[in-house]
Every structure is written in C-alpha cells, then in structure tokens.
Amino acid sequence: MSTTVNVVEMSYSADEIRERVRAAGVVGAGGAGFPAHVKLQAQVEIFLVNAAECEPMLKVDQQLMWQQAARLVRGVQYAMTATGAREGVIALKEKYRRAIDALTPQLPAGIRLHILPDVYPAGDEVLTIWMATGRRVAPAALPASVGVVVNNVQTVLNIARAVEQQFPVTRRTLTVNGAVARPLTVTVPIGMSLHEVLALAGGATVDDPGFINGGPMMGGLITSLDNPVTKTTGGLLVLPKSHPLIQRRMQDERTVLSVARTVCEQCRLCTDLCPRHLIGHELSPHLLVRLTSRENTSTCWCGR
Numbered sequence: 001m002s003t004t005v006n007v008v009e010m011s012y013s014a015d016e017i018r019e020r021v022r023a024a025g026v027v028g029a030g031g032a033g034f035p036a037h038v039k040l041q042a043q044v045e046i047f048l049v050n051a052a053e054c055e056p057m058l059k060v061d062q063q064l065m066w067q068q069a070a071r072l073v074r075g076v077q078y079a080m081t082a083t084g085a086r087e088g089v090i091a092l093k094e095k096y097r098r099a100i101d102a103l104t105p106q107l108p109a110g111i112r113l114h115i116l117p118d119v120y121p122a123g124d125e126v127l128t129i130w131m132a133t134g135r136r137v138a139p140a141a142l143p144a145s146v147g148v149v150v151n152n153v154q155t156v157l158n159i160a161r162a163v164e165q166q167f168p169v170t171r172r173t174l175t176v177n178g179a180v181a182r183p184l185t186v187t188v189p190i191g192m193s194l195h196e197v198l199a200l201a202g203g204a205t206v207d208d209p210g211f212i213n214g215g216p217m218m219g220g221l222i223t224s225l226d227n228p229v230t231k232t233t234g235g236l237l238v239l240p241k242s243h244p245l246i247q248r249r250m251q252d253e254r255t256v257l258s259v260a261r262t263v264c265e266q267c268r269l270c271t272d273l274c275p276r277h278l279i280g281h282e283l284s285p286h287l288l289v290r291l292t293s294r295e296n297t298s299t300c301w302c303g304r
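With full-length UniProt numbering, letter number 221 in the sequence shown gets 221, and the count goes up by one each step, no holes.
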C-alpha cells in the first residue's frame, strides 16, 4: 500500500469552490438532497464526513471510501476551504477495515478519522456529531449552530469532481441487495429506471417481490420500478412481499397506530434507551404512544 500523503495544492478560492459545486448540481446524496453549495456557505470550525452508513444491507459508502480514498480526502480539503474549517473529520465504523486502511495513509495534517462503534444508529447526524466532536446540537437546530458542517461520502466525492473537473452530477452509486441473483453495488446514470437497475443484479429471485428505496430501517416502499434513479436514491432492496419490512410499509396509519396501542405497555424503555434522549434532547417516545392512545396532549410534553 502506498504511504503517499494526499495534499491538495489549493488553487481554488472558497467562492470558486462553491460556484463549481453549485454549477455541477451537487446535492446531499444521503437522502435529504439539500444543495451542497448552500451548506458550504456556512463558516464553521469542523467539516465532518458522515461515513457510518448505518443502514444494514447498504454498502455504498464503505466501498467508495476504499476505492476512491484520495479523492475523498481532496473533497474534504475543498469543503474545508469553502467553510473555513480548521479540522476535517471522517467518521466511519470500526468494521470498515478496508476503508480505514485505504484512508489512513492519505490523511494530511488537519484531517483525521474518527472510529465509530459498530452499532445502530451510529450515523444519525446529531449522534455522529456528538461522538466525533463532543458537540451537542440542540433540538431543531442545525449542525452549523455548533460550528460543524456535515456531508456524506458520495456528496464529498461529487464535490471533488465538481471542483477538479467541473463534472456535473449525472450518476449515482447504489447497492442492490436482498432477494436478487447477484447482489452488487453499481454506478448508474440518473434517470435510469429501477427496473433496469434490478436487471443488472440478475432480477428478483422470489415470485412476488416487494421493493424498498434505501435501507430496511428508514427506506420507503417503491410502488413502481418505472421510477427513475435520482440524486438521492439510497439503494434498491428486494424482499418477498410477505416480508414484515414490506408488510409494515403497506399498512395505513390507522393500522400502525392500532398495533402500537396494543403492544405498548408504557414501560418507557424506548425513551430511556433513545440515543437522542441520552444526549439530553427532550424526546420521549413513550409519551407519543400515550398521546395516540388517549388522544390527549396533556399526557405529552408538547401539551404542557
């Protein structure tokens, strides 16, 4: 493995970087799709790459990190220049050993790796900021309020391509996994149909499949494979339509609430163990269930 440290000769001003990112149409690839050049307008102390990829079954970020480690570090440097950050942090899980080995020799002064535990939901933006920097983002506040800007791996790679090559965002890397013949991570043109993406993985291996855009925890139900790949497509998961992850997403809100009322015994463990509650956020999931059960806001902090 090369031990050459990746150092960018900064020939671009902050304004030039932001303009090239804007012109290339770079948006947050993690799902929200927020324009990257707007984030880069914030003047902060730390630029953080959220590389945890907390959703099971998705392999995009961890593969891109070891395949394009040098470009990722250059993207961090461009983002640091644009935001005035004095420190860059790449937060990734301990189990991503191949990515860690690829990135470590590329790190210049001012950029470090932060190793996260192999747990869910390491990767939640607020929790990742807390674990990687020790800074606590207040409820409903933005990371910039504590001097941090956060982007994910694919966004930072797109920033590097935009700055160096003025390359527009016309493609997306995503994982196709689950009940398919050949699970894979593939880079495809934006606008390609999900049906065509599925074909690249050899098609579904079950007779009556259901489809999820993104991961099994937070991904949404796909109603048609004619839908195109977008800048924020998180992945394509294929499961039997009878699978609980598919069935749950097919339930209407009334059914979901009815099940919640039935099974919740108000033990409040969901609150006591809630990661955001543990860092001081006034978030009490058990009170929300109590609210739906009694339809009385006086039982919830929002009705005080």
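Think of the CB as a built atom: it goes at the ideal place given N, C-alpha and C, for glycine as much as any other residue.
Is there at least one Cβ from chain C nearer than 7 Å to Val-197's Cβ?
Checking the listed chains, one finds no chain C in this structure; it contains a single protein chain.
CA-CA distance, Pro-35 and Phe-167?
Taking the sequence shown and counting its residues from 1, one reaches residue 35 at position 35. Taking the sequence shown and counting its residues from 1, one reaches residue 167 at position 167. Rounded to the nearest whole angstrom, the C-alpha separation of Pro-35 and Phe-167 is 16 Å.
Kindly provide the ranges of any beta strand (DSSP E) runs that are 3 or more residues long and lie completely inside the region 122-180, ordered along the chain.
148-152 and 171-178
Among Arg-254, Asp-252 and Leu-174, which has the Cα closest to the Cα of Gly-234?
Residue 234 sits at position 234 when you count from the first residue of the sequence shown. Of Arg-254, Asp-252 and Leu-174, the residue nearest in Cα terms is Leu-174.
Tell me whether the beta-carbon of Met-57 lies closer than 7 Å to the beta-carbon of Asn-177.
What you label residue 57 is simply residue 57 of the sequence shown in a count that begins at 1. What you label residue 177 is simply residue 177 of the sequence shown in a count that begins at 1. It is a contact, given that the beta carbons lie within the stated cut-off.
For Arg-304, three-class secondary structure by DSSP
Residue numbering aside, residue 304 sits at position 304 when the sequence shown is read from its first letter. The predicted position of Arg-304 is uncertain, since its pLDDT is 46 and thus under 50; a value taken from the coordinates is nonetheless stated next. DSSP places Arg-304 in coil when its eight states are reduced to three.
Alpha helix (DSSP H) runs contained entirely in the region 227-304, provided each spans 4 or more residues
244-250, 253-263, 269-272, 275-278 and 285-294
Which of the three DSSP states, helix, strand or coil, is assigned to Thr-83?
To locate residue 83, count along the sequence shown from 1; it is residue 83. Three-state DSSP puts Thr-83 in a helix.
Taking the alpha-carbon positions, what's the Met-1 to Thr-104 distance?
What you label residue 1 is simply residue 1 of the sequence shown in a count that begins at 1. What you label residue 104 is simply residue 104 of the sequence shown in a count that begins at 1. Legend: pLDDT at Met-1 = 38, less than 50; position of this residue unreliable, value from coordinates given subsequently. C-alpha separation (whole angstroms): 11 Å.
Just to confirm, are Asn-152 and Gly-30 a CB contact at a threshold of 7 Å?
Here residue 152 refers to the residue found at position 152 of the sequence shown. Here residue 30 refers to the residue found at position 30 of the sequence shown. Their beta carbons are under 7 Å apart, which means Asn-152 touches Gly-30 by this criterion.
State the DSSP-derived secondary structure class of Val-26, mapped to helix, strand or coil.
Position 26 of the sequence shown, counting from 1, holds the residue named residue 26. In this structure, Val-26 counts as coil in the three-state DSSP scheme.
Three-state secondary structure assigned by DSSP to Gly-75
The residue given as residue 75 occupies position 75 in the sequence shown. Residue state, collapsed to three classes: helix.
Rounded straight-line distance, which links the Cα of Leu-221 to that of Ala-32
If you number the sequence shown from 1, residue 32 lands on position 32. If you number the sequence shown from 1, residue 221 lands on position 221. The alpha-carbon atoms of Ala-32 and Leu-221 are separated by roughly 17 Å.
Per-residue DSSP class, three states only, for Thr-3
Start at 1 with the first residue of the sequence shown, and residue 3 comes out as number 3. Caution applies to Thr-3, whose pLDDT of 42 falls short of 50 and renders its modelled position unreliable; the model cannot decide the point.
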